[in-house]
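This report concerns only the one structure given below.
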Amino acid sequence: MKGRIVILGAVVAMAAAPMQASAQCSGQAGDACQKATDLVTFLAPQLAGGLSGGNHTLGQGGALGGLGHWALDVRATGVMGSFPKLDNVGFNPNGNHDASTFAATDQFVPGLVADAAIGLWNGYSLGVTHVGAIDALVSATYLPNVSGGDVSLNTSGSNLKFGYGVRIGLLEESVVTPGVAFSYLTRSLPTFSVSGNVAATSSRPGGTIALNDFSLKSSGWRLTAGKDLLIFNLNAGIGQDTYTSDANIVATVSGSGINATSQGSSSFTMTRTNMFVGASLNVFVAKLAVEAGQVTGGSVPTMTNSFGSDAAKARTYLSAGLRFGF
Numbered sequence: 016m017k018g019r020i021v022i023l024g025a026v027v028a029m030a031a032a033p034m035q036a037s038a039q040c041s042g043q044a045g046d047a048c049q050k051a052t053d054l055v056t057f058l059a060p061q062l063a064g065g066l067s068g069g070n071h072t073l074g075q076g077g078a079l080g081g082l083g084h085w086a087l088d089v090r091a092t093g094v095m096g097s098f099p100k101l102d103n104v105g106f107n108p109n110g111n112h113d114a115s116t117f118a119a120t121d122q123f124v125p126g127l128v129a130d131a132a133i134g135l136w137n138g139y140s141l142g143v144t145h146v147g148a149i150d151a152l153v154s155a156t157y158l159p160n161v162s163g164g165d166v167s168l169n170t171s172g173s174n175l176k177f178g179y180g181v182r183i184g185l186l187e188e189s190v191v192t193p194g195v196a197f198s199y200l201t202r203s204l205p206t207f208s209v210s211g212n213v214a215a216t217s218s219r220p221g222g223t224i225a226l227n228d229f230s231l232k233s234s235g236w237r238l239t240a241g242k243d244l245l246i247f248n249l250n251a252g253i254g255q256d257t258y259t260s261d262a263n264i265v266a267t268v269s270g271s272g273i274n275a276t277s278q279g280s281s282s283f284t285m286t287r288t289n290m291f292v293g294a295s296l297n298v299f300v301a302k303l304a305v306e307a308g309q310v311t312g313g314s315v316p317t318m319t320n321s322f323g324s325d326a327a328k329a330r331t332y333l334s335a336g337l338r339f340g341f
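Here is the structure:
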């Protein structure tokens, strides 16, 4: 049972942030509905942090330098998070929302991101540097259809969704000055539905949990600075990420003569501060880059169930990847 629910929670929360308006869970399946809502609320900040990472272009401090310059990065991010242990926890079919306490295991929560930047204008000349350069930012998110075991995920329409943004060079890097830039990027995931089966325990029935027509939009800004030191580059930044989404929750309880369904709608918004430092090393035609950061702030609604730690606690993350460019 643990594996089934964690897989469902992870797939949903990779695209989510904590809910600000919980589902209207009621009836014999109300406890199942509430547990599903609380599980996603707890996991979401961790997995959304893995999806967002830090810098909008890994290892890049300033703007690219105008037409003819581009960068593409692929990175893996791990957030130091906690995954609940959900074995031996069933659903209360009596219409009450039980306040269950779940143990949690500390582990890295993964994320995988690809981003591109294209130089459009080199800005205004200011002595040995330039100001006001402009880069276009593009992000592509692919979400596959998944059907295996007790979990299925299906997108509505295209499996690919693009995000767009812009970076403004505040100061071009020179021999004596670092590169400094401000960027803004909006990402969206394909609309999808995900469902999974939950096994019964010896004393409580099981059922299914589903999120239907789940849509997510994320937006964030970054203020970054970086400096090349021969074959090395050092960079750092600070920013903020905001996540908004809507979904329909459906939970069913079946077994022991019970066949009940609880439905509700959920929407959320959460804003977190993001700080990071990074370094990159020139490796032939690419740069090998690493990054360490932390997300803080934001709030979640009061949850009926608890999972061993605060859902909105500060989370540390590490990123590593390759950046290609010219």
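For the sequence shown, my numbering assigns the number 16 to the initial residue and increments by one for each residue that follows.
Glycine included, each C-beta is placed from N, C-alpha and C at the ideal position.
C-alpha gap between residue i and residue j, whole angstroms
i      : j      : result
ALA214 : ASP256 : 36 Å
THR288 : SER271 : 47 Å
ALA118 : THR144 : 55 Å
MET29  : SER140 : Only weak support is given to the placement of MET29: the predicted model assigns it a pLDDT of 41, under 50, and the question is left unresolved by the model.
ASN297 : LEU87  : 14 Å
ALA301 : MET290 : 25 Å
ALA36  : GLU188 : Note on ALA36: pLDDT 41, under 50, position unreliable in the model; the coordinate value appears next. Their Cα atoms are separated by approximately 45 Å.
THR216 : ILE224 : 16 Å
ALA327 : PRO193 : 34 Å
ALA78  : SER41  : 52 Å
GLY134 : LEU82  : 5 Å
ASP46  : GLY68  : 34 Å
VAL181 : HIS112 : 46 Å
For residue i, the three-state DSSP class (helix, strand or coil)
i      : result
LEU62  : helix
LYS50  : helix
VAL55  : helix
SER67  : helix
GLY81  : coil
GLY74  : coil
PRO33  : The predicted position of PRO33 is uncertain, since its pLDDT is 44 and thus under 50; a value taken from the coordinates is nonetheless stated next. PRO33 falls in the coil class under three-state DSSP.
GLY45  : helix
ARG219 : coil
ASN169 : strand
GLY134 : strand
ALA114 : coil
ASP325 : coil
PHE177 : strand
VAL104 : coil
Paired residues, beta bridge with residue i - DSSP
i      : result
HIS145 : SER140
GLU188 : GLU188 pairs with nothing; no bridge assigned.
THR288 : GLN255 and THR311
SER230 : ASP261
PRO345 : Outside the shown range of the chain, which is 16 to 341, sits residue 345, and nothing can be said about it.
THR319 : Its beta-bridge partners do not exist; DSSP assigns none.
LYS302 : ASN297 and ARG338
ARG330 : VAL310
ASN160 : Answer by DSSP bridge pairing: none, since ASN160 is not bridged.
THR239 : ALA196 and GLY252
SER277 : ALA266
Same chain only: Cβ atoms within 7 Å of residue i, ignoring 5 sequence neighbours per side
i      : result
PHE207 : LEU158, LEU168, ASN169, THR170, SER171 and PHE229
ALA155 : ALA129, LEU175 and PHE177
LEU249 : GLY241, LYS242 and ALA294
SER203 : LYS176, GLY178, LEU231 and LYS232
ALA38  : Confidence at ALA38 is low in this model, with a pLDDT of 47, below 50, so its placement is unreliable and no value can be given for it.
LEU343 : Any question about residue 343 goes unanswered here, given that the chain covers just 16 to 341.
VAL341 : Checking the sequence shown, residue 341 turns out to be Phe, not Val. Closer than 7 Å at the Cβ level, and outside the excluded window around PHE341, lie HIS84 and TRP85.
For residue i, the first and last residue of its enclosing beta strand (DSSP E)
i      : result
SER269 : 247-270
VAL94  : 85-99
LEU204 : 194-213
Sequence-distant residues of the same chain with beta carbon closer than 6 Å to residue i, five excluded per side
i      : result
GLN278 : VAL265
TYR332 : GLY64, THR92, VAL94 and GLY308
ALA262 : LEU226, PHE229 and SER281
Residues of its chain near residue i, where Cβ-Cβ distance is below 8 Å and the 5 sequence neighbours each way are ignored
i     : result
GLN43 : PRO108, ASN109, GLY110, VAL268, ILE273, ALA275 and SER277
Residue i CB to nearest heavy atom of the ligand SAH below 7 Å
i      : result
ASN174 : As for the ligand SAH, it is missing from this structure, which has no ligand bound.
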